[in-house]
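Student:
In the working numbering, the protein residues as written are 19 to 566.
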């Protein structure tokens, strides 16, 4: 018995109760189309009889089949032609297909074979050249790009998982040595005096980062706020702040006073400011050494991530070399690192290389999508005391500040952070490769490059592409996926911005989000992804919006 097409053979199998679809959606899809794109698994079990052993031995000699544990599989797993007859096959070729082989052998030997066919339909062709992918209508090109990108990124994913493993071990040791208990999660109200859970959390942060002390508070509302408080605590009128990594991030420029018209910027209070640009993607060590040697720099600031610039993010080893140069030129200089977006992307942190203070946001990496607010400052004890006095009041410092019932999410966020950061990194590696395969250039970092933060950039060339990309990210989000972002003014930013952030916590950039200034070359700045699976789907939505 030979079958002429896919529909006929499936019909016979279904009629005899031998065909099983992976889900009802796949079954319904099959009923509607004659041409489908499916990943097919043949799983069959030989019922107990005298010929079972002989049949199994015969299958082992047949190149069409392989056995995994107690199940037999067809060696080929994709495409109708591998399993079913087609008009291009000769009768002899048709007779060699796996289904005919089983049918013929079972009939000749009078044995019963329980043949179960599972079709997980990944998509089907339609007039609009789109395919159904796990319930989403993506173009065929998008699905093909995603499949290829995922294969290409396999080794990079393994490296990222290795870093996550080491960071997880570091965090777990810190929790255990601190003897964390459920009593540490209790809410303390009012002034917040004598909060053992809050104080223990800060000791854990100090331990994880190899530092003397830490300030981890919900009263620090963002990374920019934490940086403003830190710089305000460390700098006095006429002190000099020197940025050795070029122009800082947009919102920090307003804090310093080089942009905006705030009457409360650092410069408005008499703090002096200078900056040294990067050279060829790294620090200008000669310029740094010469300027520090003059002896009047109070704080040297380093921004690890790229911010809204086209430079590459700085690796921890590069930052370590800059710290060494500054220390040699003037050991009294306080070195502060803006660690936002970079935490746990590498095994070591800037404090491991001697940074006096590092600052980060709980709505980024270390909150792991669980913390709904907060930020941290970690570093030298006297520096943290000055920063705490600036946050609360002189001589009160760290003693004040109710935990606002956030301790559970802060502890859990830190505990989950290595895994969530790894997911975000893998999402961005996947995005980089998929964008490259789609033909876009000026992708940074590329999927093969070492990463030191969770940010991915790509120049999209036109405002239309940028807006569509952000709309795709929003459409692939769990929250407000029905919203279409439009360019508009944003507080602290000099240009109109388009921003996609369908996040559970507003502004949480550890969750998949994307934004960019509506100015040439229309660069999209993307980051986050609580899980790789959700990140992948969101990125596929974004690219699909552009290329359809």
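C-beta: ideal position from N, C-alpha, C; glycine also. If you're wondering where the values come from, they're calculated on a predicted model, not measured in any experiment.
Give the straight-line distance between the Cα atoms of residue 39 and residue 151, rounded to the nearest whole angstrom.
Tutor: A caution first: residue 39 carries a pLDDT of 45, below 50, which makes its placement in the model unreliable, though a value can still be read off. Distance between the alpha carbons of residue 39 and residue 151 is about 16 Å.
Student: In this structure, does DSSP put residue 481 in helix, strand or coil?
Tutor: DSSP places residue 481 in helix when its eight states are reduced to three.
Student: With a 10 Å radius around its C-beta and 16 neighbouring C-beta atoms as the bar for buried, classify residue 559 as buried or exposed.
Tutor: The residue in question, residue 559, is buried, as its Cβ has 16 or more Cβ neighbours within 10 Å.
Student: Decide if residue 271 is buried, meaning its Cβ has at least 16 other Cβ atoms within 10 Å, or exposed.
Tutor: Buried is the call here.
Student: In angstroms with no decimal places, state the Cα-to-Cα distance between residue 228 and residue 234.
Tutor: Roughly 15 Å between the two C-alpha positions.
Student: Pick helix, strand or coil for residue 506, following the three-state DSSP scheme.
Tutor: Residue 506: strand per DSSP, three-state reduction.
Student: Let me know the secondary structure DSSP gives residue 172 once reduced to three states.
Tutor: It is helical.
Student: Decide if residue 561 is buried, meaning its Cβ has at least 16 other Cβ atoms within 10 Å, or exposed.
Tutor: Buried, by the Cβ-count rule.
Student: What is the rounded straight-line gap between the Cα of residue 477 and the Cα of residue 488?
Tutor: Taking the straight line joining both Cα atoms gives about 13 Å.
Student: My output table needs one value for residue 543: the three-state DSSP class, helix, strand or coil.
Tutor: DSSP places residue 543 in strand when its eight states are reduced to three.
Student: Drop a sphere of 10 angstroms on the beta-carbon of residue 551, count the other beta-carbons inside from all chains shown, and report buried for 16 or more, exposed for fewer.
Tutor: Exposed.
Student: Considering only residues of the same chain and omitting the five flanking positions on each side of residue 218, which have a CB-CB separation below 6 Å?
Tutor: Within the same chain, residue 218 has close Cβ partners 196, 202.
Student: If we ignore side chains and look at the alpha-carbon of each, how far apart do residue 440 and residue 176 end up?
Tutor: Roughly 10 Å between the two C-alpha positions.
Student: Going straight from the alpha carbon of residue 223 to that of residue 216, what length do you get?
Tutor: Taking the straight line joining both Cα atoms gives about 11 Å.
Student: Can you list the alpha helix (DSSP H) stretches of 4 or more residues lying completely in the segment 219-294, in chain order?
Tutor: Here the runs fully enclosed are 241-252, 268-274.
Student: For residue 416, count the other beta carbons within 10 Å of its own beta carbon; 16 or more makes it buried, fewer makes it exposed. Which is it?
Tutor: Flag for residue 416 reads buried.
Student: Under a three-way DSSP split, which group does residue 339 fall into?
Tutor: DSSP places residue 339 in helix when its eight states are reduced to three.
Student: Determine the burial state of residue 200: buried for a count of at least 16 other Cβ atoms within 10 Å of its Cβ, exposed for fewer.
Tutor: Classification of residue 200: exposed, given that the 10 Å Cβ count is below 16.
Student: In the DSSP assignment, what are the bridge partners of residue 354?
Tutor: According to DSSP, which records beta bridges pairwise, residue 354 is partnered with 319, 375.
Student: If we require 4 or more residues per run, which alpha helix (DSSP H) segments fall completely within the segment 509-565?
Tutor: Counting only runs of 4 or more, we get 550-565.
Student: Rounded to the nearest angstrom, what separates residue 329 and residue 373 at their Cα positions?
Tutor: Those two C-alpha atoms are separated by around 22 Å.
Student: Say whether the segment 356-374 touches the segment 432-450, bearing in mind that this needs 3 or more beta-carbon pairs closer than 8 Å, one atom from each stretch.
Tutor: Yes: at least three Cβ pairs fall under 8 Å.
Student: Mind checking who residue 394 pairs with in its DSSP beta bridge?
Tutor: Its beta-bridge partners are 234, 378.
Student: Compute the beta-carbon to beta-carbon distance between residue 513 and residue 475, rounded to the nearest angstrom, for a pair I have assumed lies under 8 Å.
Tutor: The pair is not a contact, with the Cβ atoms about 16 Å apart (cut-off 8 Å).
Student: With 16 other CB atoms within 10 Å as the buried threshold, where does residue 288 fall?
Tutor: Exposed: under 16 other Cβ atoms inside 10 Å.
Student: Is it true that the CB of residue 332 sits closer than 8 Å to the CB of residue 280?
Tutor: Taking 8 Å as the Cβ cut-off, residue 280 and residue 332 do not qualify as a contacting pair.
Student: Pull up the distance between the alpha-carbon of residue 340 and that of residue 168, whole angstroms please.
Tutor: The alpha-carbon atoms of residue 340 and residue 168 are separated by roughly 36 Å.
Student: So, helix, strand or coil for residue 310, using DSSP?
Tutor: Three-state result, residue 310: helix.
Student: Judging by CA-CA distance, which residue of 256, 434, 406 is the nearest neighbour of residue 183?
Tutor: Selected option, being the one with the closest Cα: 434.
Student: Tell me which residues share the same chain as residue 311 and place their Cβ nearer than 6 Å to its Cβ, disregarding the 5 neighbours each side in the sequence.
Tutor: Cβ neighbours of residue 311 beyond the five flanking positions: 347.
Student: Would you decide whether residue 502 is buried or exposed? Buried here means 16 or more other CB atoms lie within 10 Å of its CB.
Tutor: Exposed, because fewer than 16 other Cβ atoms sit within 10 Å of the Cβ of residue 502.
Student: Closest to residue 240 by C-alpha separation, out of 356, 337, 344, would be which residue?
Tutor: With distances taken between Cα atoms, residue 240 lies closest to 356.
Student: Given this structure, state the Cα-to-Cα distance separating residue 494 from residue 286, to the nearest angstrom.
Tutor: Residue 494 and residue 286: Cα-Cα distance of roughly 43 Å.
Student: Provide the residue(s) that pair with residue 151 in DSSP beta bridges, ordered along the chain.
Tutor: According to DSSP, which records beta bridges pairwise, residue 151 is partnered with 154.
Student: What residue does the alpha helix (DSSP H) around residue 408 start on, and which one ends it?
Tutor: That run of the alpha helix (DSSP H) goes 399-409.
Student: Secondary structure at residue 475, three-state DSSP: helix, strand or coil?
Tutor: Strand, per DSSP.
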